[in-house]
Amino acid sequence: MIVHSVGKSTSKVALMTSAGRPTIRQVAELAGVSHQTVSRYFRPDSGLLPETADRVRSAVEALGYHPNLTARAMRTRRSGMLAVVLPGWVGPEEAVFAACDEARNSGYRVEVIIDWGGAPESLDARVAELLSSGQVEGVLSLTPVTSAPATGGVVVQVDHYDHRLRAVNEGVAEDRETMIELVRKLSALGHRELLYVGGPPDWPSARMRLAGYREACKRFDLHSHGEPSGFWHPDTGRTVIESLPDDTPVTAVVAASDHIGVGVIGAAQRRGWQVPGRLSVTGWDDLLLARYSVPSLSTVVVDRATAGRRAMRRLIAAVEGRPEPESPAVQSTRVEFRESTAPLGQA
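Counting the sequence shown from 1 gives a position; this note's numbering is that position plus 857.
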């Protein structure tokens, strides 16, 4: 717990925060340092020892403290403002929320700019406009910026999404292997007769997941009863299940997304097929509602929040003239089986 790491009780933090907005002196008291040390913590060249910086960071997070950016801007002639730009709002919500939280914890304000339905050139123009205005110190773009702004400033781009917010490049690099692992786990539960319900073929992530499914069926000697596809919508799963004959030998359905998986479960239950007694079902994405469906949907958990925080750390380091932080090699996807899957023949 954060409070324990700075050596103070929960009641102490509650008392400090009950009087209103926390102050820099309260952060200093909680961390056991001077208020000048806390002020240094928010500078790019703080020079603080790692253990001291950790204590201040813990106190900042425990109190929910944010520095007075207006005063800092007057003192340093910097705006303290960053921008996150993206061409829509479907898919990267967790990454954006985490990036904004990381920026605020580092003493920056953030504006999220959404260029609905614009072409890549439109987004480039928006980035250039933001930087030339002088209102922001840096821009984090969740899609590639096709032309570098001539106005100067700092731009960090994340190549996980294209201009339609479809996951690309390293954003789907793990999908194939993760799908192989998911199917392997179904095989270990005794399922040999599978059906795959995929996403739109023009999405790189959909193609990688399908490739992983095919490879797994071949590797584990499983029988696939088809690979129908459609949009990332429950209707895709519903339509496929409604088209199956009553005596289908399929015992497990692998859906390429949680939306599709929820549609599969609903259609199966309407047909009187118990999930997971008659059909085991898996999805992909770990949507919040899928965790609370009945039964809860087995899925692939995707750690988009960590990617968002890493991207913002890269931007802040560039703005402050520091070396780019190292990105530890960690798996961003993992298979998590829940109530919608069971060993063959068991409810």
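Note that CB positions come from ideal geometry on N, CA and C, so glycine has one too.
Under a 10 Å Cβ-count criterion, residue 883 is classified as buried, with 16 or more other Cβ atoms of the shown protein chains found around its own Cβ. One alpha carbon belongs to residue 1163, the other to residue 1189, and they sit about 8 angstroms apart. According to DSSP, residue pairing for residue 971 in a beta bridge involves 943. Remark: C-beta atoms of residue 1093 and residue 1117 approach each other more closely than 8 angstroms. For residue 1053, the pairing in a beta bridge is given by DSSP as 1111.
Counting along the chain, residue 1139 sits inside no alpha helix (DSSP H); it lies in the beta strand (DSSP E) bounded by residues 1137-1139. In this structure, residue 1051 sits near residue 1043, with a CB-CB distance shorter than 8 angstroms.
Residue 1153 and residue 1198 have their C-alpha atoms spaced approximately 9 angstroms apart. DSSP places residue 886 within a helical segment (H, G or I) once states are collapsed to three. The Cβ-Cβ distance between residue 1141 and residue 1119 does not fall below 8 angstroms. When the five nearest sequence neighbours on each side are left out, the beta carbons in the same chain lying within less than 6 angstroms of the beta carbon of residue 1053 are those of 1070, 1084 and 1111, in order along the chain.
For the pair residue 995 and residue 1099, the Cα-to-Cα distance works out to about 51 angstroms. The alpha-carbon separation between residue 1159 and residue 988 amounts to approximately 32 angstroms. Between the C-alpha atoms of residue 992 and residue 961 there is a straight-line separation of about 17 angstroms.
Assignment of alpha helix (DSSP H) within the segment 1075-1124, counting only whole runs of 4 or more residues, yields 1091-1099 in chain order.
Our two residues, residue 1182 and residue 1034, have alpha carbons roughly 27 angstroms apart in a direct line. Between the beta-carbon of residue 982 and that of residue 1166 there is about 28 angstroms, and that puts the pair past the 8 angstroms contact cut. In this structure, residue 890 and residue 942 do not form a Cβ contact; the two beta carbons are roughly 37 angstroms apart against a cut-off of 8 angstroms. Within the DSSP secondary-structure output, residue 914 pairs in no beta bridge. With 16 or more other Cβ atoms from the protein chains shown falling within 10 Å of its own Cβ, residue 1048 counts as buried.
Within its own chain, the residues whose Cβ lies closer than 6 angstroms to the Cβ of residue 916, once the five positions on either side in sequence are excluded, are 863, 884, 887 and 888, listed in chain order. DSSP places residue 1014 within a strand segment (E or B) once states are collapsed to three. Residue range 1190-1193 is occupied by the beta strand (DSSP E) that includes residue 1191.
The three-state secondary structure of residue 1134, taken from DSSP, is coil.
In the structure shown, the three-state DSSP call for residue 997 is strand. Taking C-beta separations shorter than 8 angstroms and ignoring five residues to either side along the sequence, the partners of residue 1082 in its chain run 1050, 1051, 1052, 1105, 1106 and 1107, following chain order. For residue 1172, the CB contacts under 6 angstroms within the same chain, skipping 5 residues up- and downstream, are 995, 997 and 1013 in chain order.
The beta carbon of residue 1168 is closer than 7 angstroms to those of 956, 997, 1013 and 1015 in its chain, skipping five residues each way along the sequence. Between residue 999 and residue 1200, the C-beta gap is not smaller than 8 angstroms, which leaves the two residues out of contact. When DSSP states are grouped into helix, strand and coil, residue 966 belongs to the strand group.
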